[in-house]
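Structure first, then comments.
Protein chains: 2
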Amino acid sequence: MAKSRSERAPESAAKSARASKVAAAGSARATRTPRRRLRADEAQKRILEAAEKQLTKVGPEGLRLTDLARVLGVSHPAILHHFGSREGLVAAVVRHALHTLNEQLLAALSRGPAAPGRAELMDMVAEVYGERGFARLLAWLLLSGRAAKPVRGGTDMPLKQLAEAAHALHAAKFPEARYEDTLFELQLGAIALLGDAIFGDAVRRASGAPATPATAREFRGRLAALLGARD
Amino acid sequence: MAKSRSERAPESAAKSARASKVAAAGSARATRTPRRRLRADEAQKRILEAAEKQLTKVGPEGLRLTDLARVLGVSHPAILHHFGSREGLVAAVVRHALHTLNEQLLAALSRGPAAPGRAELMDMVAEVYGERGFARLLAWLLLSGRAAKPVRGGTDMPLKQLAEAAHALHAAKFPEARYEDTLFELQLGAIALLGDAIFGDAVRRASGAPATPATAREFRGRLAALLGARD
DNA sequence: CGTTGTACTTACATGGATGTAAGCGGTAAA
DNA sequence: TTTACCGCTTACATCCATGTAAGTACAACG
Chain A
1 MAKSRSERAP ESAAKSARAS KVAAAGSARA TRTPRRRLRA DEAQKRILEA AEKQLTKVGP
61 EGLRLTDLAR VLGVSHPAIL HHFGSREGLV AAVVRHALHT LNEQLLAALS RGPAAPGRAE
121 LMDMVAEVYG ERGFARLLAW LLLSGRAAKP VRGGTDMPLK QLAEAAHALH AAKFPEARYE
181 DTLFELQLGA IALLGDAIFG DAVRRASGAP ATPATAREFR GRLAALLGAR D
Chain B
232 MAKSRSERAP ESAAKSARAS KVAAAGSARA TRTPRRRLRA DEAQKRILEA AEKQLTKVGP
292 EGLRLTDLAR VLGVSHPAIL HHFGSREGLV AAVVRHALHT LNEQLLAALS RGPAAPGRAE
352 LMDMVAEVYG ERGFARLLAW LLLSGRAAKP VRGGTDMPLK QLAEAAHALH AAKFPEARYE
412 DTLFELQLGA IALLGDAIFG DAVRRASGAP ATPATAREFR GRLAALLGAR D
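From first to last, the protein sequence lines are chains A and B.
In this text, residue positions in the first sequence follow my numbering: the first is 1, and each later residue adds one.
In this text, residue positions in the second sequence follow my numbering: the first is 232, and each later residue adds one.
Structural data, given as structure tokens:
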């Protein structure tokens, strides 16, 4: 069967920006960009970061090697060269992203003041979840069934550490405080922040409020106040 | 390497169950099922329902006409015959699903007791969101950018009606109650319930709790208590 | 009963996406 | 400088999903 491939130069547009082998004959020698060749780990990092960005946008089903290659200015087999297959790339992105999510969460905690107010904590976590698109990524993974087990190789159950640390802090002031209550607050905070990143704007619109950064911040503030009502 | 397709005769299996034209020659005339032919609206309803189920599972990108056709026991052009294109089908499903979501939400409210406790309300809404997969569907739509405007043709801003009704109820007991507070409670409730349907199990696992229906119910109970703390 | 509209079928066309094969050439080690 | 490894390219194979064309047969209507 094997019908002709229509045009044979759809991909070459991006390529021309980085290596024009046609121009080497004349005087353009000096301006010719030599064919770049990165070290394997650098190339993989570059690909990984672009893939993560793409993944949070279009999800694991929507990720197209050709699109990614065009963005990166390479040919799509280059990606396959480094990651074996599309699924291999997705798995690598997921592993990397969940790992850095954990790191950023814990780092955000230790970086802040010793006992940050709940509002600041809320904003920090919201930033980690929202601004880098982790909530979207997590949602994609959970929806598509790729994140049955939270993190493959890394600190499992990161929220448990948070809960225990928070409870220790809280119990110093209120010795009779129960761990369950702290755990619930943490779970609600996490679920509400993650949910807010996905559903927040839609819910605000559906309830007649404008969907602006200001209303989102106000929501987080009220949430923090509610969670901090015990203290 | 594309393991999903496996055998090359998946579509004929279902078909053979309903119309075996090869067997008509001999004596099997009496047992032959005549080719079923539904009325257009019935066929569309059937397709729509199956498509909605599929959509909540695999998302709008993952919906495959051939898969859907196999489930329904028809050929995939039959679906195209009724909905024009894959996108047409997805759009129809979305329209239909968001419409019934609204209906069910409002129905759940009017069906319940005049002033249901927050815990019961919570469970009712959670059932609408969770059990029929509306939360998943909504999440898919929001993630893939298909639900910029909440509902095309129908009651826009359904939550606003809820908020106003709830505030009227509440203000009868506490005249100085502020609408903003009720609105926030409603938003938090919606976001937490939606977020719980997507992230709940993962968050509970990540915080060291088992992810069972019981823990989910307990979470909703605590949430209801928290939201009802004003009363 | 014959006619007719249309729900539905098979067969195919087309395009797009992943993955493979082979070779080129940059980079760095010897 | 030479050599060899390997990152990356072009060309191609293949598969799979949507959509089209044409025909078939069921059901309703005269």
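Each residue gets a CB set at the ideal place from its N, CA and C atoms; glycine is no exception.
Quiz prompt | Alpha-carbon spacing of ILE79(A) relative to LEU65(A), whole angstroms | solution = Residue numbering aside, residue 79(A) sits at position 79 when the first sequence is read from its first letter. Residue numbering aside, residue 65(A) sits at position 65 when the first sequence is read from its first letter. Roughly 7 Å separates the two Cα atoms.
Practice problem: Grab me the residues of ALA413(B)'s own chain with a C-beta within less than 7 Å of its C-beta, minus the 5 sequence neighbours each way, in chain order. | Solution: Here the question's residue 413(B) lines up with position 182 in the second sequence. Here the sequence assigns Thr to residue 413(B), which means Ala is not the residue at that position. Cβ within range, chain order: ALA394, ALA397, HIS398 and HIS401.
Quiz prompt | alpha helix (DSSP H) runs wholly inside the stretch 102-147 of chain A, at least 4 long, in chain order | solution = 118-126 and 134-143
Practice problem: Below 6 Å CB to CB, which residues in the same chain sit around GLU185(A) once its five sequence neighbours on both sides are set aside? | Solution: Position 185 of the first sequence, counting from 1, holds the residue named residue 185(A). Here the set comprises LEU227.
Practice problem: Mind listing the chain A neighbours of GLU292(B)? Cutoff is C-beta to C-beta under 7 Å, in chain order. | Solution: Position 61 of the second sequence, counting from 1, holds the residue named residue 292(B). The answer, in chain order, is GLY59, GLU61 and GLY62.
Quiz item: For LEU63(A), which of helix, strand or coil comes out of DSSP?
Solution: Here the question's residue 63(A) lines up with position 63 in the first sequence. Looking at LEU63(A) - three-state DSSP - the assignment turns out to be coil, as it is neither helix nor strand.
Quiz item: Nearest to ILE429(B) by CA position, among LEU137(A), LEU48(A) and GLU218(A), is which residue?
Solution: To locate residue 429(B), count along the second sequence from 1; it is residue 198. That would be LEU137(A), whose Cα lies nearest to the Cα of ILE429(B).
Quiz item: If we call anything under 9 Å between Cβ atoms a contact, is ALA209(A) one with GLN392(B)?
Solution: Residue numbering aside, residue 209(A) sits at position 209 when the first sequence is read from its first letter. Residue numbering aside, residue 392(B) sits at position 161 when the second sequence is read from its first letter. No, they are not a contact pair.
Quiz item: Looking only at its own chain, which residues have a Cβ that is under 7 Å from the Cβ of LEU68(A), when we skip the five neighbours before and after it?
Solution: For the purposes of this step, residue 68(A) is taken as residue 68 along the first sequence, with counting starting at 1. If we look at LEU68(A) and ignore the five residues flanking it on each side, its Cβ neighbours are ALA50, ALA51, GLN54 and ILE79.
Quiz prompt | Contact residues within the stretch 404-425 of chain B, judged by C-beta distance below 7 Å to chain A | solution = LEU414, PHE415, LEU417, GLN418, LEU419, ALA421, ILE422, ALA423 and LEU425
Quiz item: Do LEU48(A) and VAL93(A) have their C-beta atoms within less than 9 Å of each other?
Solution: Residue numbering aside, residue 48(A) sits at position 48 when the first sequence is read from its first letter. Residue numbering aside, residue 93(A) sits at position 93 when the first sequence is read from its first letter. Against a cut-off of 9 Å, the Cβ pair of VAL93(A) and LEU48(A) comes out as a contact.
Quiz item: Do we get a CB-CB distance below 9 Å when we pair LYS45(A) with the residues of chain B?
Solution: Taking the first sequence and counting its residues from 1, one reaches residue 45(A) at position 45. No, LYS45(A) does not count as interfacial toward chain B.
Exercise. For chain B, find out if any of its Cβ atoms is closer than 9 Å to the Cβ of PHE219(A); answer yes or no.
Key: The residue labelled residue 219(A) in the question sits at position 219 within the first sequence. With 9 Å as the cut-off, PHE219(A) counts as an interface residue toward chain B.
Quiz prompt | chain A contacts made by the stretch 354-380 of chain B, where a contact means CB separation under 8 Å | solution = ARG367, LEU369, ALA370, TRP371, LEU373, LEU374, SER375 and ALA378
Quiz item: Secondary structure at GLY153(A), three-state DSSP: helix, strand or coil?
Solution: As a working note, residue 153(A) is residue 153 in the first sequence. Below a pLDDT of 50, predicted positions are generally treated as unreliable, and GLY153(A), at 44, falls in that range; the measurement from the model is reported next regardless. Three-state DSSP puts GLY153(A) in coil, outside helix and strand.
Exercise. Would you identify the three-state DSSP class for ARG317(B), choosing helix, strand or coil?
Key: Reading the second sequence from its first residue, position 86 is the one you call residue 317(B). Correct three-state label for ARG317(B): helix.
Quiz item: Who are the neighbours of ILE429(B) on chain A, taking C-beta pairs under 8 Å?
Solution: As a first step, residue 429(B) must be located in the second sequence, where it is residue number 198. Per Cβ cutoff of 8 Å: ALA139, LEU142, LEU143, LEU194, GLY195 and ILE198.
Self-check item: Beta-carbon spacing of ASP432(B), ALA357(B) below 9 Å
Solution: Reading the second sequence from its first residue, position 201 is the one you call residue 432(B). Reading the second sequence from its first residue, position 126 is the one you call residue 357(B). Taking 9 Å as the Cβ cut-off, ASP432(B) and ALA357(B) do not qualify as a contacting pair.
Quiz item: Can you find a CB in chain A that lies within less than 9 Å of the CB of ALA437(B)?
Solution: By 1-based counting over the second sequence, the position of residue 437(B) is 206. Output row for ALA437(B): interface = yes.
Quiz item: Got a sec, what are the start and stop residues for the alpha helix (DSSP H) VAL434(B) sits in?
Solution: In the second sequence, counting from the first residue as 1, residue 434(B) sits at position 203. Element bounds for VAL434(B): 410-437.
Self-check item: Any chain A beta carbon closer than 9 Å to LEU454(B)
Solution: Here residue 454(B) refers to the residue found at position 223 when the second sequence is read from its first residue. It does: the Cβ of LEU454(B) has a partner Cβ on chain A nearer than 9 Å.
Exercise. With 7 Å as the C-beta to C-beta threshold (strictly closer), list the residues of the stretch 156-173 of chain A near chain B in chain order.
Key: MET157, PRO158, LEU159, LYS160 and ALA163
Quiz item: Can you tell me the Cα-Cα spacing of GLU292(B) and ALA408(B), whole angstroms?
Solution: As a first step, residue 292(B) is located in the second sequence; it is residue number 61 there, counting from the start. As a first step, residue 408(B) is located in the second sequence; it is residue number 177 there, counting from the start. Distance between the alpha carbons of GLU292(B) and ALA408(B) is about 45 Å.
Quiz prompt | Bounding residues of the alpha helix (DSSP H) (the contiguous stretch that carries THR215(A)) | solution = As a position in the first sequence, residue 215(A) is number 215, starting the count at 1. It spans 213-227 - the alpha helix (DSSP H) in which THR215(A) sits, taken as one unbroken run.
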